[in-house]
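Residue numbers (the working numbering): 3 to 298.
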Amino acid sequence: MSEPEVFLNGEWMPHSRARVSVDDRGFVFADAIYDVLKAYRGFPFALERHLDRLERSAAAVRLRLPVGRAELKRLVLELLERNGLGRKADRDAMIYIHITRGVAPRNHLFPAGVEPTFYLYARELPPWPEWMFSEGVKVITLPDRRWELCHIKTTGLLYNVLARQQAYEAGAWEAVLVRDGKVTEGSHTNLFAVVDGVLRTHPTGPHILPGITRSVTLEVAAALGIPVEERALDLDELRRAEEVFLTGTTIEVLPVREVDGRPVGQGRPGVVTRRLRQAFLESVAFRKAHPSPAGC
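Quick look at the structure:
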């Protein structure tokens, strides 16, 4: 297999040739934003929504985007084609967009006259094991010790990394974070639960990342007539929920069978979760069949 091609600061190059300065502010300060999206057989899913979020993140940290939206969409599609993951491919892919404030001597103040560092890469996304969706995964709860601006998709993810590692070492797939007694989200996912017959999830705001899959799932639930509340759960509600599931770009809708060693409901994916996962995948298929010029 040929070496993957990446895009770095205006140039296409083999992955092994990509280099970033040790003075890059993304390296020194995590002064950077990013976004991740999935391409289904060459069709980027919800690309416009991902770019909306990228633009919101850039504005929130006062970072200038290096190219306009139309050019970024063109580059995303070219990235897929250059790596054999375009519209003739029979494989799904992950697309990563990474932008830092640029290279400058270490100083907390914004540097003047510096160009942003702009990096794109794509890789094949193998399917998850089927048991994850047929049986569900285990999660643990941990204190949410992140900063107060979780809605900005920055690369400062150290606590997320520590939480996911702790979950892995505990034999769980994800860490669900709890702030002031309220469940916020997972270390790299959004969380939903069915409590007393109502689908609940934390409202958008500074304590969660507004996931694109989360927003599509809410739309799918509304279309199915499933009652929904964007209202935070407390820990007791999470532990007595009839169903729990996670959403994310690569996992779509992922059932949870166990929270902190306690089974969720009957200990297997529930009816609402299964309906939503199926409807989400049907939504993807419909968008692929009726794509916009940039994706599905």
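Ideal Cβ placement from N, Cα and C applies to all residues, glycine included.
Practice problem: Taking P113 as the reference, give the member of A95, D26, G158 with the closest Cα. | Solution: Residue D26 is the option with its Cα nearest to P113.
Quiz item: Quick one: what's got a C-beta closer than 7 angstroms to G28's C-beta in the same chain, skipping five residues either side?
Solution: Only A34, T102, T119, T157 meet the Cβ criterion.
Self-check item: Nearest to M291 (by Cα), restricted to the options G44, F135, V261, T249
Solution: Note that residue 291 is Ala in the sequence shown here, rather than Met. Of the listed residues, the one whose Cα sits closest to A291 is G44.
Quiz item: Would E57 pass as a contact of R66 if the rule is Cβ separation under 9 angstroms?
Solution: No.
Self-check item: Range of the contiguous beta strand (DSSP E) that encloses R84
Solution: Careful: R84 lies outside any beta strand (DSSP E), inside the alpha helix (DSSP H) at 71 to 84.
Quiz item: What is the DSSP secondary structure of R181, counted as helix, strand or coil?
Solution: Residue state, collapsed to three classes: strand.
Exercise. Spatial neighbours of A106 within its chain, please: CB distance less than 7 angstroms, with the 5 preceding and 5 following residues excluded, ordered by chain position.
Key: Result list for A106: D25, R27, P113, V116, in chain order.
Self-check item: Buried/exposed call for K90, threshold 16 Cβ in 10 Å
Solution: Here K90 is exposed: its Cβ has fewer than 16 other Cβ atoms, across all protein chains shown, within 10 Å.
Exercise. In angstroms with no decimal places, state the Cα-to-Cα distance between R148 and R242.
Key: Near 26 angstroms, if we compare the C-alpha coordinates of R242 and R148.
Quiz item: Would you say P271 and E245 are within 9 angstroms of each other, going by their C-beta atoms?
Solution: Here P271 is near E245, since their CB atoms are less than 9 angstroms apart.
Quiz item: Thinking C-alpha only, which one of F47, V69, R51, N109 is nearest G88?
Solution: Residue F47 is the option with its Cα nearest to G88.
Quiz item: Near T249, which residues of its chain fall below 7 angstroms by C-beta distance, leaving aside the five closest residues on each side in sequence?
Solution: Same-chain partners within the cutoff: T191, N192, F194, G213, T215, R216, T219, V255.
Quiz item: Between the C-alpha atoms of V78 and F247, what's the straight-line distance to the nearest angstrom?
Solution: Taking the straight line from one Cα to the other gives about 30 angstroms.
Quiz prompt | Where D92 falls, given that 16 or more other Cβ within 10 Å makes a residue buried | solution = When all chains shown are included, D92 counts as exposed.
Practice problem: Just the C-alpha distance for L39 and T251, rounded to the nearest angstrom, thanks. | Solution: So the alpha carbons of these two residues sit roughly 6 angstroms apart.
Quiz item: Exposed or buried, what is S59 when buried is set at 16 or more other beta-carbons lying within 10 Å of its beta-carbon?
Solution: Counting Cβ neighbours within 10 Å, S59 comes out buried, since at least 16 surround it.
Quiz item: With respect to the alpha helix (DSSP H) encompassing W133, which residues constitute its N-terminal and C-terminal limits?
Solution: 133 to 137 is the extent of the alpha helix (DSSP H) around W133.
Quiz item: Which one or two residues does DSSP pair with A95 in a beta bridge?
Solution: Under the DSSP definition of a beta bridge, A95 partners with A41, E126.
Quiz item: Hey, would you say K140 sits closer than 9 angstroms to G183, going by beta carbons?
Solution: No. Outside cutoff.
Quiz item: Would you call the CB atoms of A41 and I97 closer than 9 angstroms?
Solution: Yes. Within cutoff.
Quiz item: Bridge partners of W175, per DSSP?
Solution: According to DSSP, W175 bridges with nothing at all.
Quiz item: Just to confirm, are I142 and A95 a CB contact at a threshold of 9 angstroms?
Solution: Using a Cβ distance threshold of 9 angstroms, I142 and A95 do not count as a contacting pair.
Exercise. Would you please state the rounded distance, in angstroms, between the beta carbons of E221 and V200? I believe it to be under 8 angstroms.
Key: With 8 angstroms as the limit, E221 and V200 do not qualify as a contact, their Cβ atoms being about 17 angstroms apart.
Quiz item: Which residue or residues does DSSP assign as beta-bridge partners of K290?
Solution: Answer is none; K290 lacks a bridge partner.
Exercise. Compute the Euclidean distance between the alpha carbons of V197 and E137, then round it to the nearest angstrom.
Key: About 20 angstroms.
Quiz item: With DSSP run on the structure shown, which of helix, strand or coil describes F247?
Solution: Note: F247 maps to strand in three-state DSSP.
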